[in-house]
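Novice: Protein chains in written order, with this note's numbering: chain A, 1186 to 1384; chain W, 15 to 103.
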Amino acid sequence: MLVLPDDIKIFSVKEQCSVTAQVVRLTRSLAKTKIDGTWWKIPLSSNIKEEEDHHWVWRKSVGQHRNNLKWEAVAVQSSGGDVEGAILYRIDAKSQIAEGEGAVFVDLLATAPRNRPWVVSSPDYRGVGAVLLLVAVRQSYLLGLGGRVWLNSLPSERTRKFYRKQGFQVIFENDDGTIGYELPSNRAEQWLKNEGYLR
Amino acid sequence: MTWKDDDFVPVTGGANLADAYVRDLDSLRNVKVKSDLDCHIIRLLALHPQISIRFRNQDLTCLDDVTKRALLQDLNDSLNIKPLRTAKK
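So, in structure tokens, the structure goes:
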């Protein structure tokens, strides 16, 4: 069972060392105050309209599924209480690699704009997105879905590199140009072993 | 976790998942749960109907936490789910 809050490590760019943060459940209240109300109120080096998620309203997405156990929203909260990234996933997807098997589908995943190196000149933290993705893998494993996770992502070289490195496979290319990736069970278990979650 | 340049996960998502890609788990809609433990057991039973037949008479409202944890252990054993440890620091 995924027990939250859960202490994890993220890398502080300012302190140049890993620091403790917490994985917590993302409530509507937390989304309203620490994401929707704050994420875009920072000096940005690029046009925020170029960011795919600048129009997302997290409190609405979280609220919409709050009474539905198929969905789960989780955030990484730094020691000061700020939300450094968030993920919304559903547990009822069909695997596109393993026929007849289930998977977790990532509906929304984003790090705070202040943690994106292509948005700000010096991000606050690194590794937040990977921690969140790993939460989805952990949950998938604990729910007997083999750690399988799939998601749709922009077709950039940066995303391609990241997902390929973690063992995700391209499952299809969507009409809108986005690419579907799925993490197969064997690579999920390898990732969990590498991070010390699984023997 | 390693902290290399390609460690940043970009923004992902924002598109609806078509019905053809979703399993029928409507039993999980509008379910009120008392604890994370109850939530996890209910999800496991819904996701794995083959084991829910074996455990179908389990009414969580009648069980104490110790019994629920024993039930979860049985479910995990049935599904070959190993416990996850705390991550390495």
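For glycine and all other residues, C-beta sits at the position ideal for the given N, C-alpha and C.
Between V1208(A), L1327(A) and L1339(A), which lies nearest to Q87(W) when the distance is taken from Cα to Cα?
Specialist: Nearest of V1208(A), L1327(A) and L1339(A) to Q87(W), Cα basis: L1327(A).
Novice: Pairs of beta-carbons, one from the region 1268-1285 of chain A and one from the region 31-39 of chain W, closer than 8 Å: are there three or more?
Specialist: Yes: at least three Cβ pairs fall under 8 Å.
Novice: Exposed or buried, what is Q64(W) when buried is set at 16 or more other beta-carbons lying within 10 Å of its beta-carbon?
Specialist: So Q64(W) ends up on the exposed side.
Novice: Thinking just about the alpha-carbon of each residue, which of G1329(A), V1334(A), L1318(A) and S1338(A) is nearest to the one in E1380(A)?
Specialist: Among G1329(A), V1334(A), L1318(A) and S1338(A), the Cα nearest to that of E1380(A) belongs to L1318(A).
Novice: Hey, I9(W) and K96(W) are a contact pair by Cβ (cut 8 Å); roughly how many whole angstroms apart?
Specialist: Examination of residue 9(W) is not possible in this model, given that chain W is present from 15 through 103 alone.
Novice: Measure the Cβ-Cβ separation of Q1324(A) and L1211(A) and say whether it is below 9 Å.
Specialist: No, the Cβ-Cβ distance between Q1324(A) and L1211(A) is not below 9 Å.
Novice: Roughly how many angstroms lie between the CA atoms of W1303(A) and V80(W), to the nearest whole one?
Specialist: Computed Cα separation, rounded: 49 Å.
Novice: Can you give, in chain order, each stretch of the alpha helix (DSSP H) that sits fully within the region 38-64 of chain W and has at least 4 residues?
Specialist: Within the region 38-64 of chain W, the complete alpha helix (DSSP H) runs of at least 4 residues are 50-61.
Novice: Which chain A residues sit within Cβ distance under 7 Å of I56(W)?
Specialist: Going along chain A in sequence order, the residues near I56(W) (Cβ under 7 Å) are L1254.
Novice: Can you tell me which of the three DSSP states T1205(A) falls into?
Specialist: Residue state, collapsed to three classes: strand.
Novice: Here's the rule I'm using: 16 or more other beta-carbon atoms within 10 Å means buried, otherwise exposed. How should F1357(A) be labelled?
Specialist: Classification of F1357(A): exposed, given that the 10 Å Cβ count is below 16.
Novice: Buried or exposed: which applies to C53(W), given that a residue is buried once 16 or more other Cβ atoms fall within 10 Å of its Cβ?
Specialist: C53(W) is buried by the Cβ-count criterion.
Novice: Within 9 Å of any Cβ in chain W, is that where the Cβ of A1295(A) sits?
Specialist: Yes, A1295(A) lies at the interface with chain W (some Cβ there is under 9 Å from its Cβ).
Novice: Give me the chain W residues within the contact set of E1236(A), using Cβ-Cβ distance strictly less than 9 Å, ordered along the chain.
Specialist: Those within 9 Å of E1236(A) in chain W are V25.
Novice: Rounding to the nearest angstrom, what Cα-Cα distance links P77(W) and I1193(A) in this structure?
Specialist: Before going further, note that residue 77(W) is Leu rather than Pro in the sequence given. So the alpha carbons of these two residues sit roughly 32 Å apart.
Novice: Considering just the uninterrupted stretch of the beta strand (DSSP E) at Y1366(A), what are its terminal residues?
Specialist: I1364 to L1368 is the span of the beta strand (DSSP E), which, as asked, contains Y1366(A).
Novice: Could you compute how far the alpha carbon of D20(W) sits from the alpha carbon of L74(W)?
Specialist: For D20(W), the pLDDT reaches just 48, beneath the cut-off of 50, and the residue's location in the model is therefore unreliable, although a value from the coordinates is still provided. Distance between the alpha carbons of D20(W) and L74(W) is about 45 Å.
Novice: Of the residues that make up the region 1324-1343 of chain A, which ones have a beta carbon closer than 8 Å to any beta carbon in chain W?
Specialist: So the list reads Y1326, L1327, L1328, G1329, L1330, L1336, N1337, S1338, L1339, S1341 and R1343, given in the order they occur along the chain.
Novice: Going by DSSP, which residues form a beta bridge with E1358(A)?
Specialist: The partner list for E1358(A) (beta bridge, DSSP) reads I1364(A).
Novice: Does DSSP classify G1270(A) as helix, strand or coil?
Specialist: Of the three classes helix, strand and coil, the one that applies to G1270(A) here is strand, per DSSP.
Novice: Is the beta carbon of A1206(A) closer than 9 Å to that of V1355(A)?
Specialist: Against a cut-off of 9 Å, the Cβ pair of A1206(A) and V1355(A) comes out as no contact.
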